[in-house]
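J.:
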Amino acid sequence: MLFREGLARILTEVGFVIVGQASDGPSLVDLARRECPDAVVTDLRMPPGFADEGIEAAAAIRATAPHIGLMLLSQYVEVHHALRLMNDFDGGVGYLLKDRVSDLGAFAVDVRRVAAGEVVIDPELVARLVGRRRAQDPLQALSDREREVLALMAQGLTNAGLADQLFVSPKTVEGYVRNIFMKLDLPPGQRDHRRVLAVLRFLRQQ
Amino acid sequence: MRVEAIADVDNTPSARREAAVVAVGLVVAGFVVAGWSLGFRLGNAHNGLLALSFTAVGLYVLRVRPGHREAVLFVAVGVVHAVMFFGRQYGAHDGPLPAAEWIGWLGVWPLSFAIALAGWTLMAFPDGRLLSPRWRVAVAGMLAVGAGLSVVSALWPVDYDRTALVVRHPLHIAGLAGARTFWDGARVSYVLFQLLWTAAIVVRMRRARGDEVRQMRWLVYAVVVDIALLLGGLAVAGSPAPGLLALPLLAVAAGVAILKYRLFDIDPLLNRTLVIGAMVVVITAGYIAVVLGIGSVVPSGRGVLWLITTAVVALAADPLRSKAQRVADRLVYGHRTTPYEALAQLTERIHDEPGELLAGIATTVANAVGAREVVVWVGEADRLAAVAGWPGPGVEEGTKALDDIGGPQWEVRPVTHHGTVVGALALRKPSGVTLTALEDRVLSDLVAQTALVIAHQRQAGELQAAARRIVTAEDAARRRIERNLHDGAQQRLVTLGLELGVLAERAAAADSALAAGVRTARAQLLDATSELRELARGLHPTVLTEQGLAAALETLADRSPIPVKLAVSVDERLPWEVEAATYFLVGEALTNAARHSSARLVRVCVTKVDTGLFVEVVDDGCGGATRTEDGGLQGTADRLAALGAHLQVDSPRGGGTRIATVLPCA
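Order-wise, the sequence lines are chains A and B.
My numbering puts the last residue of the first sequence at 206; the count rises by one with no breaks.
My numbering puts the last residue of the second sequence at 872; the count rises by one with no breaks.
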């Protein structure tokens, strides 16, 4: 509650309008349906079960109001949750460690991206997957820059987002992406959350 | 095959089957009664008795067990003998009867085939099925030879000499001399028949287990008694009549064996027969020795010799009987362990698995006192459960009070520990046999040992249960702490981070030094929350409760710095403690591999097996892993032990590490 109210306060400070707060899944779903906000920020674990009620609520919201962006915060980030979100939700979904809210600026950007239909995956989770050792590591074929691009793709950045982040032209980004997909033998031409799903699945393989 | 299988199942006597049984019974009875009415002939009497006994037993078994193959063979043997009996009676009648040539003929030629058929019947005992396809070939050969001999005998009067027929062979075909030569040579195959069925019985007896042993014993008993009578008759009176006339014994014994082998125990009968047989043989031999020996040395009258013989027999009888009894006991009831051996055996078994230990006690008791059946009961005086037994587990359902255990012929000994009943030993001796004083003492010693075993097992069980409770309580505590951290400290720290973030933003505009300080504080706070997060996650993996074992193991693999190959073939949810033990075992193994092994690959295999859940973690690292008193592996081993599982650690230096266990679960 303390956290929720703090979060509401600081989001207001950076220009968001908080249309309401809820303390459990069902009331969150009601609230979202009633108010039709641009985005919902929710904890993944909520009463009563403290399991994955956040995802259940998000799915219920998505079913009736598909345009609402869904940002799930969690104490831990797990790959299987990320894969489930990418699989079940057609974009417009984010999955971040709760700690991320302390970097207010970055968090505000992430919420706006989710509201705009993009995908946001926590960098720690991606770093865990990218950094893991593999028996025959296909990532060794990538240059450092390409590896950086891969990690950012896994975090959900679009080509435009990549270009902004890396201070390069969209054309250069497209070149990187094409190269990475070729080197990793991934099906090219996928966009948005499909691309994130493909990359995460690839990174998870051994 | 199929039709018979169906007949086996159908147990309601149908009208048709009843009619068939009655018809066959009437026909056979008619033949035999008609045959008897033509007079008594010692040489043919056994055929009539065989016809009656085999038909009666076969039909009776068929009524009780429709479709029983052996019973069908019995009826066939009976019918063939009925025809032969009547034919021979008719053909041997002095005043020639109408059509006596042909009817008498019917009494002669089926003999060879009848002998082969009887051989088959013996070989197929007790279920009517032969031991193997090879035996089927042998039986087919025997039947073919029998049939062939019968055909020869039907065409030429080759076998008429041995019958008392007054009529002649009805056919007059050339080549009698040749047929006779062939017949005399081919008749040797009768001996082969005997060898064949003897071999079949011996083989079956050796292979038989459990109930079939009891059934075979009946048959073997009848066969041996009959052979003894046959040999005795030939030796004493020069006639096979006693043996032949006793042949119905076979049918009766076989019938008992098929239907009632559980009801009547053959062993006491066998025992007494052996004793009496031995006495008869020895006394006869003694009589002959006295008559020939003393009679030739000291010429004396018959009366004196009788007197001496009687005196010798009277003196020798009792020691002879007890000696014969001991030999017979040994033959029938098997080797009896001495008290010392019994206690030594028990001591050897003391390290067996708990279940086997009680079964071992049952076996030891059975061997020590020659019991036919032993049951070990464990519990309290008013609530005892049968937990082990000999010869089979034979464990009854439910519980019984001490006073309700046993029955006639059962000897029940309460097992007490510190004055309270902790169990009971129940044993059944062969009927009419009681415990000797020595056996009684051994039994008392074994009961005392059993008390120690039961008390020991009880303590072991209590320890195991306590360990399990500790693990469960620990898991619950971990879960609670994780939840408390999640909703409490972690939440507060994250909120604090949020506030620091806001502060840093505000300070940035006013005071850059302050802003830098706040940012450093926030960075330290994030390090702290990160550490706390890993700690909380290690306490209780929520993914395990939410998603199950496969997903939880994947998150372990996600976090492992060494590549992990997972082979998890468990789809269903298992009991929490099994899932948790597996998770913590794999987690510990992966952590160890990452820390010490410098392995390039770890393979994790989790799969259901008959005995539970098989878990194996193998790496290709440097090996040399050991359990230390307070190490993680020992903790894992303790957790597994609480669930009745044993941790195997195989880690030769330079040869990788293999950690495996099987977690019992339904």
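Every residue, glycine too, gets a C-beta built ideally from N, C-alpha and C.
None of these values were measured; they are calculated from a predicted model.
(1) I want to verify the contact list: residues of chain A whose CB lies under 7 Å from the CB of P767(B), in sequence order.
(2) If the cut is a Cβ gap below 8 Å, which residues of chain B does V93(A) touch?
(3) Shorter than 8 Å from the beta carbon of E760(B) to some beta carbon of chain C?
(4) Which residues mark the beginning and the end of the beta strand (DSSP E) in which D856(B) is found?
(5) Tell me, please, whether the CB atom of D216(B) is closer than 8 Å to any CB atom in chain A?
(6) Under a three-way DSSP split, which group does W596(B) fall into?
(7) Applying a beta-carbon distance threshold of less than 7 Å, which residues of chain B neighbour L35(A)?
(8) Please list the terminal residues of the continuous beta strand (DSSP E) segment that includes K98(A).
(9) Using a Cβ cut-off of 8 Å (strictly closer), state whether A167(A) contacts chain B.
(10) Excluding the 5 residues flanking L526(B) on each side, which residues of the same chain have their C-beta closer than 7 Å to its C-beta?
(11) Any idea if Y789(B) is buried or exposed, counting beta-carbon neighbours within 10 angstroms, 16 or more meaning buried?
(12) Check the Cβ-Cβ distances between E13(A) and every residue of chain B, and say whether any is below 8 Å.
(13) Just to confirm the assignment, what range does the alpha helix (DSSP H) spanning W308(B) have?
(14) Over the uninterrupted alpha helix (DSSP H) stretch that includes D192(A), give me the two end residues.
(15) Provide the residue(s) that pair with S775(B) in DSSP beta bridges, ordered along the chain.
(16) Whose Cβ in chain B lies nearer than 9 Å to the Cβ of G51(A)?
(17) Exposed or buried, K98(A), counting other C-beta atoms within 10 Å across all chains shown (16 or more means buried)?
(18) What is the C-beta distance between V496(B) and V518(B), in whole angstroms, given that I count them as a contact (C-beta under 8 Å)?
(19) Under a Cβ-count criterion, where at least 16 other Cβ atoms within 10 Å of its own Cβ denotes burial, should A211(B) be classed as buried or exposed?
(20) Measure from the alpha carbon of T327(B) to the alpha carbon of each residue in N573(B), E276(B), A530(B), T569(B), then state which is nearest.
(21) So with Cβ pairs under 8 Å, would you call I10(A) a contact of chain B?
(22) Applying the criterion that 16 or more other CB atoms from any shown protein chain within 10 Å of the CB defines a buried residue, is M86(A) buried or exposed?
(23) Please tell me whether L44(A) and L73(A) are closer than 8 Å, where the distance is taken between their beta carbons.
(24) Who are the near neighbours of D826(B) in its chain, counting only those whose CB is closer than 7 Å to its CB and skipping five residues on each side?
(25) Answer with yes or no whether the minimum CB distance from S214(A) to chain B is below 8 Å.
(26) I believe T842(B) touches L772(B) by the beta-carbon criterion, under 8 Å. Please report the beta-carbon distance rounded to the nearest angstrom.
(27) According to DSSP, is T863(B) part of a helix, a strand, or is it coil?
(28) Using a 10 Å radius around the Cβ and a threshold of 16 neighbouring Cβ atoms, would you call S243(B) buried or exposed?
(29) Between I567(B), D535(B), E562(B), which lies nearest to A548(B) when the distance is taken from Cα to Cα?
(30) CA-CA distance, I321(B) and L564(B)?
(31) For V19(A), does the three-state DSSP call read helix, strand or coil?
(32) Could you tell me whether the Cβ atoms of V230(B) and V267(B) are closer together than 8 Å?
(33) At a CB-CB cut-off below 9 Å, which residues of chain A make contact with Q696(B)?
(34) The ligand ZN and P636(B): does any heavy atom of the ligand fall closer than 7 Å to the residue's C-beta?
(35) Between the C-alpha atoms of R112(A) and Y176(A), what's the straight-line distance to the nearest angstrom?
(36) Report the residue from L702(B), A742(B), G723(B) whose alpha carbon sits nearest the alpha carbon of R686(B).
T.: Reading off the structure:
(1) Those within 7 Å of P767(B) in chain A are R132, R133.
(2) Chain B residues near V93(A): none, gap ~19 Å exceeds 8 Å.
(3) Any reference to chain C falls outside this structure, whose protein chains are A and B.
(4) In the DSSP annotation of this structure, the continuous segment of the beta strand (DSSP E) that includes D856(B) starts and ends at 854-856.
(5) A caution first: D216(B) carries a pLDDT of 46, below 50, which makes its placement in the model too unreliable to give a value.
(6) DSSP places W596(B) in strand when its eight states are reduced to three.
(7) Checking the sequence shown, residue 35(A) turns out to be Glu, not Leu. Per Cβ cutoff of 7 Å: no residues; E35(A) is ~23 Å from chain B at best.
(8) It is not in any beta strand (DSSP E) - K98(A) carries neither H nor E in the DSSP assignment.
(9) Reading off the sequence shown, one finds Phe at residue 167(A), where the question assumed Ala. For F167(A), no Cβ of chain B is located within less than 8 Å of the residue's own Cβ.
(10) Non-local beta-carbon contacts of L526(B) in its own chain, meaning distances under 7 Å to residues more than five positions away in sequence, involve M485, V488 in chain order.
(11) By the 16-neighbour rule on beta-carbons within 10 angstroms, Y789(B) is buried.
(12) At least one chain B Cβ lies under 8 Å of E13(A).
(13) Counting along the chain, the alpha helix (DSSP H) containing W308(B) begins and ends at 306-312.
(14) It spans 192-204 - the alpha helix (DSSP H) in which D192(A) sits, taken as one unbroken run.
(15) Paired residues: T813(B).
(16) Contrary to the premise, residue 51(A) reads as Ala rather than Gly in this sequence. Here the neighbours are T748, T751, E752.
(17) Buried.
(18) Contact holds; Cβ gap of about 6 Å.
(19) Any reading at A211(B) must be qualified, since the residue scores a pLDDT of 40, below 50, and its modelled position is unreliable; no value is offered.
(20) When each option's Cα is compared against that of T327(B), the closest is E276(B).
(21) True, the Cβ-Cβ gap to chain B drops below 8 Å.
(22) It is buried - the Cβ of M86(A) has at least 16 other Cβ atoms within 10 Å.
(23) Yes. Within cutoff.
(24) Listed in chain order, the non-local C-beta contacts of D826(B) below 7 Å within the same chain comprise A805, R806, L807, G862, local neighbours out to five positions each way being set aside.
(25) A query on residue 214(A) cannot be resolved here, the shown segment of chain A reaching from 1 to 206 and no further.
(26) Cβ-Cβ separation between T842(B) and L772(B): approximately 18 Å, too far for a contact (criterion under 8 Å).
(27) Strand, per DSSP.
(28) Residue environment analysis places S243(B) among the exposed positions, since fewer than 16 neighbouring C-beta atoms fall within 10 angstroms of its C-beta.
(29) The shortest Cα separation from A548(B) among I567(B), D535(B), E562(B) belongs to I567(B).
(30) Roughly 50 Å separates the two Cα atoms.
(31) DSSP places V19(A) in coil when its eight states are reduced to three.
(32) V267(B) is positioned such that its CB atom lies no closer than 8 Å to that of V230(B).
(33) Those are Q75, K98, listed as they occur along chain A.
(34) Although the ligand ZN was asked about, the structure shown includes no ligands whatsoever.
(35) Each residue's alpha carbon lies about 26 Å from the other.
(36) Relative to the Cα of R686(B), the nearest Cα in the group L702(B), A742(B), G723(B) belongs to A742(B).
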